[in-house]
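Visitor:
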Amino acid sequence: MSIHIKELKNFYISVSLYNFAFAIIALFIPLYLSEKGFSISLIFLFFAISQAGRLLALPIAAYFSSIYGAKKMISAALVFQIIYLVFLHKIDYLSVNFFASALILGVVQSFLWPPYWIHLSKISPNESRGKILGRLNIFIAVATAVSPFVGGVVIAHYGFGSAFFLTAILIIPAIALLLSTVEVSNIRKINFKLVSLRKIYPDLIANGFANIQQYLNNALWPIFIFIVVPQYKSIGFIQTFSLIISIAVFYLVGVWVDKFNRKKLLLLGSISDSVIGAVRVLANSFSQVFIFNILALFTENLKSTPFITKFQEHMDQDARTEYMFLFEIGGTIITLVGLAIMAILFSSMPVKESLVLGLIIASVSGLFVNFVRK
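For what it's worth, this note's numbering labels the leading residue of the sequence shown as 1305, then goes sequentially.
Structure (structure tokens):
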């Protein structure tokens, strides 16, 4: 067995463990902040601050990644994830913990995502990358299928603190597994002169708007669901069974990405995802929310899989580490500006109007992923 195949299997399992753990509370964090008394505007201020922390931490993450390798950086990010949960549990209205937890979330993202994609690019050949991403999405979906329901039950009966603690404990095996095999990254001094910013800037723009769409959807859709279906167990049930139903689609999309033109699939995926994202604001019952949630998982995957394979393809053509960190820095600047605008925009709007407008803006933002280069 080649080292890359062995490492890919190890990566599948470790990522699945982490996602199983974090999915217990991920869907409910916006609801947790809302329950703590934060308005939609303050929730976006929280995420905007996290992007400021992410931007500040990215150069540090790039430096350490070049010294220690991608897997050690991912492991460090998961440790910071546990610290983030501790501060999030202690959060209060515009307190020190509010700012600290937001900044630590930014550190988590800067230490996690660039090394994550660098490592996956290193161990996955371009010609079969769609299938590899499809399998990874299936592993994640299987691992996280039950997590939202578990999270909903734990929160309903024992509170958010117990859900945070359970998540933190379950992240630890993922860290241990990542560190159990050798580092495959090339350890070398980072040199940003190896990548032309003029060449890759369209990818940075696409990444920024993809992040804005993701933040808007992740922050607003759970709150929208809760207004329609005001029960934690029901929300967990919707997400759990949506994932179970969608599993077969993930692999199919991966096959399409390897077989057909990736840019055309990206266009199809982004348009369909934007349409579903905008129309779902009309949902006003449990069944309608359930159906739109399933459709959104499918269209989001049809958009994100070709997008990810395209920028990984570009990573292969450039210096991986330098490309990925510039990709993240550019995307984070756009995301920070976008979330700050959202925080200001929603400061004087009623909750329902903020949710509807935010989800529609997310739908439009998703179309900008087509800026990614051919």
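Quick reminder that beta carbons are idealized off the backbone N, C-alpha and C, glycines included.
Report the CB separation of Phe1545 from Leu1570 in whole angstroms; it is logged as a contact under 8 Å.
Guide: Looking up residue 1545 in the sequence shown gives position 241. Looking up residue 1570 in the sequence shown gives position 266. At roughly 28 Å, the Cβ-Cβ gap does not stay under 8 Å, so Phe1545 and Leu1570 are not in contact.
Visitor: Report yes or no: do three or more beta-carbon pairs, one from the segment 1635-1649 and one from the segment 1585-1596, lie closer than 8 Å?
Guide: No: the two stretches stay apart, fewer than three of their Cβ pairs being nearer than 8 Å.
Visitor: When the Cα of Phe1530 is compared with those of Pro1418, Pro1334, Lys1310 and Ser1318, which residue comes out closest?
Guide: For the purposes of this step, residue 1530 is identified with residue 226 of the sequence shown, where counting begins at 1. The shortest Cα separation from Phe1530 among Pro1418, Pro1334, Lys1310 and Ser1318 belongs to Pro1334.
Visitor: Between Gly1581 and Lys1493, what straight-line distance do the alpha-carbon atoms span, to the nearest angstrom?
Guide: Here residue 1581 refers to the residue found at position 277 when the sequence shown is read from its first residue. Here residue 1493 refers to the residue found at position 189 when the sequence shown is read from its first residue. Whole-angstrom Cα-Cα distance: 43 Å.
Visitor: Helix, strand or coil: which one does DSSP assign to Ala1587?
Guide: Looking up residue 1587 in the sequence shown gives position 283. Coil, per DSSP.
Visitor: Just the Cα atoms here: how many angstroms apart are Phe1672 and Thr1613?
Guide: Locating residue 1672 in the sequence shown gives position 368, counting from the first residue. Locating residue 1613 in the sequence shown gives position 309, counting from the first residue. Their Cα atoms are separated by approximately 16 Å.
Visitor: Measure the CB-CB distance between Ile1371 and Ile1491 and report whether it falls below 8 Å.
Guide: Working through the sequence shown from its first residue, we reach residue 1371 at position 67. Working through the sequence shown from its first residue, we reach residue 1491 at position 187. Yes, Cβ-Cβ distance for Ile1371 and Ile1491 is below 8 Å.
Visitor: Give every residue of the same chain whose Cβ lies closer than 7 Å to the Cβ of Ile1459, excluding the five residues on either side of it in the sequence, and list them in chain order.
Guide: As a working note, residue 1459 is residue 155 in the sequence shown. Phe1332, Ala1467 and Tyr1536, listed in sequence order.
Visitor: Could one say the Cβ of Ser1369 lies closer than 8 Å to chain D's Cβ atoms, at least one of them?
Guide: The chain labelled as chain D is not found in the depicted structure, where only one protein chain is given.
Visitor: Suppose the cutoff is 7 Å on Cβ atoms and the five residues either side in sequence are ignored; what does the same chain contact list for Val1660 look like?
Guide: Translated into positions along the sequence shown, residue 1660 becomes position 356. Result list for Val1660: Val1585, in chain order.
Visitor: Tell me the DSSP secondary structure of Phe1332 in three-state form.
Guide: For the purposes of this step, residue 1332 is taken as residue 28 along the sequence shown, with counting starting at 1. Residue state, collapsed to three classes: coil.
Visitor: State buried or exposed for Val1319, treating a residue as buried only when at least 16 other CB atoms are found within 10 Å of its CB.
Guide: Against the sequence shown, residue 1319 aligns to sequence position 15. Val1319 is buried by the Cβ-count criterion.
Visitor: Using a Cβ-Cβ cutoff of less than 6 Å, which residues in the same chain neighbour Ile1436 once the five nearest sequence positions on both sides are dropped?
Guide: If you number the sequence shown from 1, residue 1436 lands on position 132. Cβ within range, chain order: Ser1428.
Visitor: Do three or more CB pairs link the segment 1504-1512 to the segment 1404-1421 at distances below 8 Å?
Guide: Output reads no: the segment 1404-1421 does not touch the segment 1504-1512.
Visitor: Residue ranges of each alpha helix (DSSP H) run of no fewer than 4 residues wholly in the segment 1547-1589, ordered along the chain?
Guide: As far as the segment 1547-1589 is concerned, its whole alpha helix (DSSP H) runs of at least 4 residues are 1566-1583.
Visitor: Please report the straight-line C-alpha distance between Ile1451 and Gln1543, rounded to a whole angstrom.
Guide: The residue you call residue 1451 lines up with position 147 of the sequence shown. The residue you call residue 1543 lines up with position 239 of the sequence shown. First, the amino acid is wrong: residue 1451 is Ser here, not Ile. Cα-Cα distance, rounded: 9 Å.
Visitor: Is Glu1626 near Leu1501, with beta carbons less than 8 Å apart?
Guide: Residue numbering aside, residue 1626 sits at position 322 when the sequence shown is read from its first letter. Residue numbering aside, residue 1501 sits at position 197 when the sequence shown is read from its first letter. Taking 8 Å as the Cβ cut-off, Glu1626 and Leu1501 do not qualify as a contacting pair.
Visitor: Going by C-alpha to C-alpha distance, which of Ile1473, Leu1643 and Gly1465 sits closest to Ile1516?
Guide: Along the sequence shown, one-based indexing puts residue 1516 at 212. Answer by Cα proximity: Leu1643.
Visitor: Just tell me which of Leu1606, Leu1483, Gly1456 and Ile1549 has its CA closest to the CA of Val1533.
Guide: Translated into positions along the sequence shown, residue 1533 becomes position 229. Residue Gly1456 is the option with its Cα nearest to Val1533.
Visitor: Kindly give me the distance between the Cβ atoms of Lys1607 and Gly1573, rounded to whole angstroms, as I take these residues to be in contact under 8 Å.
Guide: To locate residue 1607, count along the sequence shown from 1; it is residue 303. To locate residue 1573, count along the sequence shown from 1; it is residue 269. The Cβ separation is near 3 Å, so the contact holds.
Visitor: Can you give the Cα-Cα distance for Gly1341 and Leu1398, rounded to whole angstroms?
Guide: By 1-based counting over the sequence shown, the position of residue 1341 is 37. By 1-based counting over the sequence shown, the position of residue 1398 is 94. In a straight line, the C-alpha of Gly1341 is about 10 Å away from that of Leu1398.
Visitor: If I follow the unbroken alpha helix (DSSP H) through Thr1471, where does it start and stop?
Guide: Stepping through the sequence shown from its first residue, residue 1471 is reached at position 167. Element bounds for Thr1471: Phe1464 to Leu1482.
Visitor: Taking DSSP as the reference, what is the three-state secondary structure of Asn1314?
Guide: As a working note, residue 1314 is residue 10 in the sequence shown. In this structure, Asn1314 counts as helix in the three-state DSSP scheme.
Visitor: Does Thr1603 come out as helix, strand or coil in the three-state DSSP assignment?
Guide: Reading the sequence shown from its first residue, position 299 is the one you call residue 1603. DSSP places Thr1603 in helix when its eight states are reduced to three.
Visitor: Can you tell me where the alpha helix (DSSP H) with Pro1419 in it begins and where it stops?
Guide: As a position in the sequence shown, residue 1419 is number 115, starting the count at 1. Val1400 to Ile1427 is the extent of the alpha helix (DSSP H) around Pro1419.
Visitor: How far does the alpha helix (DSSP H) with Glu1657 in it extend, from its first residue to its last?
Guide: Mapped onto the sequence shown, residue 1657 falls at position 353. That run of the alpha helix (DSSP H) goes Val1655 to Gly1670.
Visitor: Quick check on this structure: which residue in Ser1652, Ile1648 and Glu1657 has the alpha carbon closest to the alpha carbon of Ala1352?
Guide: Indexing the sequence shown from 1 puts residue 1352 at position 48. When each option's Cα is compared against that of Ala1352, the closest is Ile1648.
Visitor: Which stretch, first to last residue, makes up the alpha helix (DSSP H) that contains Pro1301?
Guide: Outside the shown range of the chain, which is 1305 to 1678, sits residue 1301, and nothing can be said about it.
Visitor: Between Leu1392, Thr1448, Thr1609 and Phe1541, which lies nearest to Arg1433 when the distance is taken from Cα to Cα?
Guide: Locating residue 1433 in the sequence shown gives position 129, counting from the first residue. Among Leu1392, Thr1448, Thr1609 and Phe1541, the Cα nearest to that of Arg1433 belongs to Thr1609.
Visitor: Please report the straight-line C-alpha distance between Thr1448 and Phe1324, rounded to a whole angstrom.
Guide: As a working mapping, residue 1448 is identified with position 144 in the sequence shown. As a working mapping, residue 1324 is identified with position 20 in the sequence shown. If I take the Cα positions, the gap works out to 5 Å.
Visitor: Where does Tyr1397 fall in DSSP's three states?
Guide: Taking the sequence shown and counting its residues from 1, the one referred to as residue 1397 is at position 93. Coil, per DSSP.
Visitor: Out of curiosity, what's the CA-to-CA distance linking Ser1679 and Lys1567?
Guide: Not covered by the structure: residue 1679. The range shown for the chain is 1305 to 1678.
Visitor: Please classify Asn1441 as buried or exposed, where buried requires at least 16 other C-beta atoms within 10 Å of its C-beta.
Guide: For the purposes of this step, residue 1441 is identified with residue 137 of the sequence shown, where counting begins at 1. Buried, since its Cβ has 16 or more Cβ neighbours within 10 Å.
Visitor: Can you tell me whether Val1488 sits near the ligand FAD, meaning its C-beta is under 7 Å from at least one heavy atom of the ligand?
Guide: Among the components modelled here there is no ligand, and therefore nothing to report on the ligand FAD.
Visitor: Under the assumption that Ile1408 contacts Tyr1388 (Cβ atoms under 8 Å), give the Cβ distance between them as a whole number of angstroms.
Guide: Locating residue 1408 in the sequence shown gives position 104, counting from the first residue. Locating residue 1388 in the sequence shown gives position 84, counting from the first residue. Right, the Cβ-Cβ distance comes to about 4 Å (below 8 Å), so this counts as a contact.
Visitor: Contact check, Phe1541 vs Phe1453 under 8 Å by CB: the rounded distance?
Guide: By one-based count along the sequence shown, residue 1541 stands at place 237. By one-based count along the sequence shown, residue 1453 stands at place 149. Right, the Cβ-Cβ distance comes to about 6 Å (below 8 Å), so this counts as a contact.
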